[in-house]
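What follows is a single structure, written as C-alpha cells, with notes after it.
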Amino acid sequence: MARQNKRNPNGAGTITKRADGRYQAAVYVPQPDGTRARKYAYGKTWAECDEKRRALLDKAAQGIAVPTRSDKLVTWLPYWLENVVKPRRKRTTYAKYETHVRRYLVPMLGTKRLESLSVADVRRFLVQLERKTSSATAKESHRVLRTALTAACREELITRNVATLVEPPSVTAREISPWTLDETLDFLTAARTDPLYAAFVLAIALGLRRGEIVGLRWENVDLDRREIRVRTQRQRVRGEIYEDDPKGRRRKQTLPLPAICVPPLRWQRMRQAAQRAQAGTEWAESGHVFTTRTGRPIEPRNLYRSFTRVAANAKLRVVRLHDARHGTATLLTAAGVAPRVVMEILGHSQIAVTMNVYTHVVQDTQREAVSHVDRLLRRRPVRE
Numbered sequence: 003m004a005r006q007n008k009r010n011p012n013g014a015g016t017i018t019k020r021a022d023g024r025y026q027a028a029v030y031v032p033q034p035d036g037t038r039a040r041k042y043a044y045g046k047t048w049a050e051c052d053e054k055r056r057a058l059l060d061k062a063a064q065g066i067a068v069p070t071r072s073d074k075l076v077t078w079l080p081y082w083l084e085n086v087v088k089p090r091r092k093r094t095t096y097a098k099y100e101t102h103v104r105r106y107l108v109p110m111l112g113t114k115r116l117e118s119l120s121v122a123d124v125r126r127f128l129v130q131l132e133r134k135t136s137s138a139t140a141k142e143s144h145r146v147l148r149t150a151l152t153a154a155c156r157e158e159l160i161t162r163n164v165a166t167l168v169e170p171p172s173v174t175a176r177e178i179s180p181w182t183l184d185e186t187l188d189f190l191t192a193a194r195t196d197p198l199y200a201a202f203v204l205a206i207a208l209g210l211r212r213g214e215i216v217g218l219r220w221e222n223v224d225l226d227r228r229e230i231r232v233r234t235q236r237q238r239v240r241g242e243i244y245e246d247d248p249k250g251r252r253r254k255q256t257l258p259l260p261a262i263c264v265p266p267l268r269w270q271r272m273r274q275a276a277q278r279a280q281a282g283t284e285w286a287e288s289g290h291v292f293t294t295r296t297g298r299p300i301e302p303r304n305l306y307r308s309f310t311r312v313a314a315n316a317k318l319r320v321v322r323l324h325d326a327r328h329g330t331a332t333l334l335t336a337a338g339v340a341p342r343v344v345m346e347i348l349g350h351s352q353i354a355v356t357m358n359v360y361t362h363v364v365q366d367t368q369r370e371a372v373s374h375v376d377r378l379l380r381r382r383p384v385r386e
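Residue 386, in the working numbering, is where the sequence shown stops; the numbers in between run on with no holes.
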C-alpha cells in the first residue's frame, strides 16, 4: 500500500484530518481580484481529499480564479446581465432578463450564494412566484435563472446548475384564432385607402413582423424582379428606438414578392416622392419604405395602432398585428404549401416553431380534408 505523504512541498497545500473523521485540504489559489487566498476542500478519505487538492493546484497553475466563497445572487445576476447578456444578446432579450432579475430573482433569491443555492430553494421560489404572478411568469423566471447559472458553471464558479434539476411550471398555450380568408379579404378592402396599406399587405402576404416592416428600406426591395430582403428590424425598448438584425433566418433571406404586394409598394413609392417634394428642406431622407410626412421612419407602435383602427372601423375582430403571421401560416398550410417552405417564408429558426405554434388550419380546411377521406372510403360499395 502506498505510503501517504504527511507533508506536501511548499505551495502544494496541506491535508489534515478533522475531528469528525473527514480530511481537509488547504491550498492557496488566485482570486478574481488578482489576490491569493486559502481554499478548502473536503473528503471522506485521504485519497479523495488529495484528488481535490490536485484539482485546485491545476486550476491555480493555469491561472484560473477559484473564489474561496461564491458571490450572492444579488451580486452575480447584475454582473451576468452587464457582462454576458448585454454584449451578446439582443436588447429586447436583455430588457426581458433584466426585468425578471430586478422584480423576482434578486428580491426572492438574492441573499443565496451560488454555491449554496439548492434544488429546494429553486422549487420554493417557483411555487411562490407562480402564486404571486402567473405560471408563465414563473416559467420565464426559471429560464432566466437557468441561463444565469449556466454562465456561472462556464466560469467555474459552481459545479452544477441546480435550476436544470427543477421542472418549470406548465403553461397553457394561448389559443390563437387568426382571421379567416373572408375576414382577411374584408380587412384588405377596408385598408385600401389607408397610408399604410402596403405595410398591411406585407404583413398578411409574407408574414413580416412589425419591426421588420418599419425597418424595411427601399434598397432591399426590387419591384422589377419581385424580390425583397429583410436586413433590419426597428424596435423601441424602454423609450429608446434602434435598429437591429432581424430574428431567426431573416438576415440571410431573399424572399419572392407576391404579385399582390407590387402595386401597393409602387403606390407607396410615388406617394413618398410627392411627400418629399412637398416637404422640401424639411425632408429627412432615411431610405425607409414607410415614413412620416418629413421622411422619418414611422414608430413601430403606430403601425399597430393603424392596423387595429382599420379592423375596428371595418367591424372585424380586432387581432394583434403579429397574428397576421399566424394567418399567413394558416393560409399557406391550407394552400398545401410544405411546412419547410412555410418555415422559410416566416423566417423561423426551427421547424418545430412552425409546426407547433403557427400552423392553425381553419375549420373549413379541416372539413375539406375530412370530406376527401369520406370520398375515398365510399369509392367501393359495402358488400352485404
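Cβ atoms here follow ideal geometry from the backbone N, Cα and C, with glycine treated the same way.
A quick note: this is a predicted structure, and the numbers were derived from the prediction, not measured.
| query | result |
| --- | --- |
| Candidates Ala165, His324, Ala140, Pro266: closest to Thr152 by CA position | Ala165 |
| Whole-Å CB distance - Leu318 paired with Asp188, under 8 Å assumed | 6 Å |
| Beta strand (DSSP E) segment containing Gly45, residue limits | 38-45 |
| Ala28 and Tyr42 closer than 8 Å at C-beta | yes |
| Pairwise C-alpha distance: Ala49 and Ala4 | Any reading at Ala4 must be qualified, since the residue scores a pLDDT of 47, below 50, and its modelled position is unreliable; the value itself is stated next. C-alpha separation (whole angstroms): 11 Å. |
| Which listed residue (Pro180, Arg24, Glu100, Ala193) has its alpha carbon closest to that of Val239 | Glu100 |
| N-terminal and C-terminal residue of the beta strand (DSSP E) that Ile178 is part of | Neither: Ile178 is in no beta strand (DSSP E) and is coded neither H nor E. |
| Environment of Glu214 [buried if 16+ CB atoms lie within 10 Å] | buried |
| Length of the line joining the Cα atoms of Thr335 and Thr296 | 40 Å |
| Distance CB(Thr332)-CB(Val320) smaller than 8 Å | no |
| Three-state class that DSSP yields for Leu210 in the structure shown | coil |
| Any alpha helix (DSSP H) of 4 or more consecutive residues that is wholly inside the region 104-182 | 108-111, 121-134, 137-156 |
| Exposure label - Glu142; buried when at least 16 CB within 10 Å | buried |
| Check whether Pro32 and Val86 have beta carbons under 8 Å apart | no |
| Cβ-based neighbour list, Val375, same chain, cut-off 6 Å, excluding 5 preceding and 5 following | none |
| Cutoff 7 Å; reference Val291; Cβ partners in own chain excluding five residues on either side | Leu218, Arg219, Trp220, Val223, Gln270 |
| Proximity of Gln255 and Asp246 at Cβ, strictly below 8 Å | no |
| Integer Cβ distance of Ser172 from Ser137, believed to fall under 8 Å | 7 Å |
| Segment limits, alpha helix (DSSP H) that includes Ile347 | 341-348 |
| 8 Å Cβ cutoff met for Ile160 and Leu116 | yes |
| Cβ-Cβ separation, Thr139 to Leu147 (assumed contact under 8 Å), whole Å | Contact flag wrong, Cβ pair sits at about 13 Å. |
| Own chain residues within Cβ distance below 6 Å of Ala193, not counting five before or after | Tyr199, Phe202, Val312 |
| Proximal residues to Thr113 (C-beta, below 8 Å), its chain only, five neighbours per side dropped | Lys74, Leu75, Val76 |
| Proximity below 8 Å, CB of Leu259 to CB of Arg231 | no |
| Alpha-carbon to alpha-carbon, Pro248 and Tyr106 | 29 Å |
| Complete runs of the alpha helix (DSSP H) confined to the region 258-295 [at least 4 residues] | 264-281 |
| Spatial neighbours of Arg145 in its chain, beta-carbon cut-off 6 Å, leaving aside the 5 residues before and after | none |
| Three-way DSSP call (helix, strand, coil) for Arg228 in this model | coil |
| Arg20 (DSSP reduced to helix, strand or coil) | coil |
| Integer-rounded CB distance, given that Leu167 should sit under 8 Å from Thr330 | No, Thr330 and Leu167 are not in contact; Cβ-Cβ is about 40 Å, not under 8 Å. |
| Gln280 burial status per 10 Å Cβ neighbour count (16 or more: buried) | exposed |
| Extent of the continuous beta strand (DSSP E) to which Pro80 belongs | Here Pro80 belongs to no beta strand (DSSP E); instead the alpha helix (DSSP H) covers 75-82. |
| Residues of its chain near Ala20, where Cβ-Cβ distance is below 7 Å and the 5 sequence neighbours each way are ignored | The sequence given here has Arg at residue 20, not Ala. For Arg20, where only same-chain residues beyond five positions count, the Cβ hits under 7 Å are Gln26. |
| Beta-carbon proximity list for Ser72, same chain, < 7 Å, skipping 5 on both sides | Arg115, Leu116, Glu117, Leu159, Ile160 |
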